[in-house]
Amino acid sequence: MTSDLIRPEVAALPDYNAGLALDRFRAIYGIEARAKLDSNESPLGPSPAAVEAIRHAAAGTGRYPDASDQALRDAIGAENDTPPEAVILGNGSEDLINAIFRTVLRAGDEVVTICPSFGLHEFGAQAVGALVHKIAFLPDWSFPVDGLVRAMGTRTRVLIFSSPSNPAGPAITRDEFTRLIAGVPPHVLVVFDEAYREYLAGDASFDALAMLRDAGLSWISLRTFSKAYGLAGARVGYGICSDPALTQALRKTRNPFAVNALAGAAALAALQDRDHLQRNVALTVAERSRVAQALHQAGHEVAPSEANFLFFRTPGKAADFVEALRRQGVLIKAWQEEPFLDWARVTISTPAENDIFLQAVAMVGAGV
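Under the UniProt record's numbering, the residues of the sequence shown are numbered 1 to 368, in order.
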């Protein structure tokens, strides 16, 4: 039987809670989407320079891409004052998360993360037989530094968390980060997921790389071109590693050609278009504040967010609330992690799409 071939750890995993593609939504619901706000995509899309780079690279797709990703790694290294040997590319940062777990975890090892958290931080570890300890945010949505430190023991192999944190949105402060890395045992790999780092500003923005370099730990900072750079469909993520040996090991556990030629060309062009990045971030930050205030005024509890989304409490089950919004052509994501089954995450988009979302929320709340 096929089921006998599947490892129990894999069989027990839930399906990934992905957003719904527009063509799938149309096929299922028989209507056009009015606002797609379930996948934290950029409201402005990719840089025009990135689109043009894809067109230019298309003629060369009969050849394999550069397996070393040298041009893009050089550019990322220069951007972050990092030697390119410490940079690893992946088919989205999810590719690298799984490569990390395949590289360092043994069955029975332990992983520490936060709750709520990005699903692959948990499921990727469980898939290789690791035990995951999830530490809840504090009631004010600050990072549970003391709890995370206490959870790390002799069997802990990886500490993984994101900031700004997906799905809730809080960002770790410099003081919290200082205390956390000071409490990490030397045998633990720190995986700092910075997928939403471009949205940080003011006191929430600090040089985490410099602090990690000074900590004397093994670490990797994960980043992506899917969010602020608007290249979600291209699937390009990258990591900056503490040690070139870690980079080399990760290359052995991810696809040898992790970044296709079109995606690599697009990412390189996007990295160079700072104006487009800044426009996207500025629009998102302004709209995030407006939408959060509107949700508060409508009676919803909203977590403080430094990212391009908001996490808010729904009346009743989030799955029912989200389904009612879908019937109006509005897509957001119901969270499926205990104890947050009455919370949903909405992407911040253009003013027009955000208004459609707020109007739909009011109608669902009124029972329309």
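Ideal placement from N, C-alpha and C gives every residue a C-beta, glycine not left out.
Only a predicted model underlies this, so the values are computations on that prediction, with no experimental measurement involved.
G216 and S242 have their C-alpha atoms spaced approximately 9 Å apart.
Looking from the CA of L189, the closest CA among A49, L180, E32, A18 belongs to L180.
If you draw a 10 Å sphere on the C-beta of E94, you find 16 or more other C-beta atoms in it, and that means buried. In the three-state reduction of the DSSP assignment, I332 falls in the coil class, being assigned neither a helical nor a strand state. Contact between F321 and V346 does not hold, since their C-beta atoms are separated by about 11 Å, which reaches or exceeds 8 Å.
Here T156 is bridged, per DSSP, to E110.
DSSP places S289 in the uninterrupted alpha helix (DSSP H) bounded by 274-297. Taking a contact as a CB-CB distance under 8 Å, the pair L268 and L20 does not count as one, their CB atoms being some 30 Å apart.
Closest in C-alpha terms to L148, from the list T113, F123, I172, S68, comes T113. The beta carbon of T103 is closer than 7 Å to those of A249, L250, T253 in its chain, skipping five residues each way along the sequence. Taking one beta carbon from each stretch, the segment 161-172 and the segment 288-307 have 3 or more pairs nearer than 8 Å; the two touch. For the pair Y238 and I100, the CB atoms are not nearer than the 9 Å cut-off. The beta carbons of L271 and I54 sit no closer together than 9 Å. Between I240 and A86, the gap from beta carbon to beta carbon is short of 9 Å. Looking only at L222, L200, A261, the smallest Cα-Cα distance to A282 is reached by L200. Contact between the segment 138-153 and the segment 117-130 is absent: fewer than three C-beta pairs spanning the two stretches fall below 8 Å.
In the DSSP annotation of this structure, the continuous segment of the alpha helix (DSSP H) that includes G365 starts and ends at 351-365. Shown here, Y29 sits in a helix according to DSSP, grouped into three states.
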